[in-house]
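If you're matching positions, the sequence shown starts at 158 in this note's numbering and goes up one per residue.
For every residue, glycine included, the Cβ atom is placed at its ideal position computed from N, Cα and C.
Owing to the predicted nature of the structure, the values given are computational and were not obtained by experimental measurement.
Structure record follows, encoded as structure tokens.
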Amino acid sequence: RQDPYLMRNEHIFSTDVEIVLPALKSELQSIKSIWFPRSRNGDGEAGRILERELCVPENNRDEADIPIADLKTATATTKTTLFSKEGKLLLPKEEIYKRFGFAGKKHPLSLQSAVNSSPNSHHFFYYCEGDGVYLRCRDVDIQFWSWDLLSHCFTSKFPAVFTVHYETKKINNVEHFKFTHAYYFPSLNSTINSFLSAFKQGNITIEVRRYMIAGKERNRGTAFRVNQQTFNQIFQTRTTII
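As structure tokens, then:
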């Protein structure tokens with residue numbers, strides 16, 4: 158017997174935007190006054206709570222969360238992860254750690270770093286060429302993503318996108334989340350070009366999330382992130398949901 162809660166949300170998984178929009182609006186209206194407590198440590202808790210409430214399975218694949226669009230949670234001040242994708246390493250991994258690893262806040266040997274087009278405190282930065290994007294430390298190229306790969310990742314993840322904005326506050330010393338408003342950004346022919354232009358303008362952040370622990374590497378995936386201004390420049394047309 159099918160769960161009635163899942164049945165109530167089944168329209169969200171339609172391929173018809175005219176069915177999805179009112180269904181999603183109804184669900185978001187029903188929870189917009191609720192403060193949800195944090196149940197897990199780490200980043201991404203707002204997104205996990207939203208997916209749980211909408212009965213959307215957690216998705217770490219290179220595809221949208223629901224058939225017509227990806228779901229993103231956001232605030233005015235936080236950056237949004239567009240997608241995660243490893244590029245081709247241009248040096249052996251062991252050599253990269255040996256030459257460019259540093260002591261992190263939690264791990265003695267780390268490469269965890271937010272990388273932009275200007276060198277950061279660990280001398281990491283990226284630059285764009287005709288064939289793609291290169292991650293560099295000092296004067297050595299470390300990793301590479303072709304434009305074709307980045308374009309494929311972007312278009313696979315974003316046939317369109319919903320952003321659901323949220324607020325946070327502490328209740329009894331526990332962080333809580335409330336979803337306040339949401340927008341729908343339909344897919345446009347110019348969207349992929351806007352994404353690539355944002356990269357070439359240095360407005361994308363590459364977040365390296367790999368480190369060594371007990372002699373083994375842990376890699377949480379290399380994320381491509383943007384602030385809200387850049388997000389709105391990439392996805393240029395929006396419809397208010399709530």
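{"Query": "Comparing alpha-carbon positions, which option in Asp288, Ala226 and Lys373 lies nearest Ser303?", "Result": "Asp288"}
{"Query": "Whole angstroms is fine: what's the gap from Lys229's alpha carbon to Phe193's?", "Result": "17 Å"}
{"Query": "Measure the C-alpha to C-alpha separation of Phe240 and Asn330 and round it to an integer number of angstroms.", "Result": "32 Å"}
{"Query": "Helix or strand or just coil, what does DSSP make of Ser344?", "Result": "coil"}
{"Query": "Would you list the one or two residues that DSSP bridges to Leu246?", "Result": "Gln300"}
{"Query": "Can you look up Cys310 in the DSSP assignment and give me helix, strand or coil?", "Result": "helix"}
{"Query": "Is the beta carbon of Leu207 less than 9 Å from the beta carbon of Ile169?", "Result": "no"}
{"Query": "CB-CB under 8 Å to Tyr283, same chain, minus the five flanking residues each way: which ones, in chain order?", "Result": "Val272, Asn273, Ser274, Val290, Tyr291, Leu292, Arg293 and Ile363"}
{"Query": "Sort out for me which residues DSSP pairs Asp227 with in a bridge.", "Result": "Val318"}
{"Query": "Check Leu268 in the structure and name its three-state DSSP category.", "Result": "coil"}
{"Query": "From what residue to what residue does the alpha helix (DSSP H) around Thr362 run?", "Result": "No alpha helix (DSSP H) holds Thr362; the beta strand (DSSP E) holding it covers Thr362 to Val365."}
{"Query": "Could you name the residues of the same chain whose beta carbon sits closer than 8 Å to that of Asn252, not counting the 5 residues immediately before and after it, in chain order?", "Result": "Sequence inspection shows Glu at residue 252; the Asn mentioned does not correspond to that position. Same-chain partners within the cutoff: there are none."}
{"Query": "For Ile206, which three-state DSSP category applies?", "Result": "helix"}
{"Query": "Answer yes if the stretch 241-261 comes into contact with the stretch 340-359, meaning at least three C-beta pairs across the two stretches below 8 Å, and no otherwise.", "Result": "no"}
{"Query": "Could you name the residues of the same chain whose beta carbon sits closer than 8 Å to that of Glu215, not counting the 5 residues immediately before and after it, in chain order?", "Result": "Arg205 and Glu208"}
{"Query": "Between the C-alpha atoms of Val213 and Arg295, what's the straight-line distance to the nearest angstrom?", "Result": "42 Å"}
{"Query": "Kindly list the residues whose CB is nearer than 7 Å to the CB of Cys310, restricted to its own chain and excluding five residues on each side of it in sequence; keep chain order.", "Result": "Asp219, Phe240 and Lys242"}
{"Query": "Can you give me the C-alpha to C-alpha distance between Val297 and Asn376, rounded to a whole angstrom?", "Result": "21 Å"}
{"Query": "Run through DSSP, which three-state label would Arg382 get?", "Result": "strand"}
{"Query": "Quick check on DSSP: helix, strand or coil for Lys236?", "Result": "coil"}
{"Query": "Note down the Cα distance separating Ile391 from Ser354, rounded to an integer number of angstroms.", "Result": "9 Å"}
{"Query": "Determine, using beta carbons only, whether Gln300 and Thr379 come nearer to each other than 9 Å.", "Result": "yes"}
{"Query": "According to DSSP, simplified to helix, strand and coil, what is Val331?", "Result": "strand"}
{"Query": "Would you kindly report the start and end of the unbroken beta strand (DSSP E) that includes Lys373?", "Result": "Lys373 to Asn376"}
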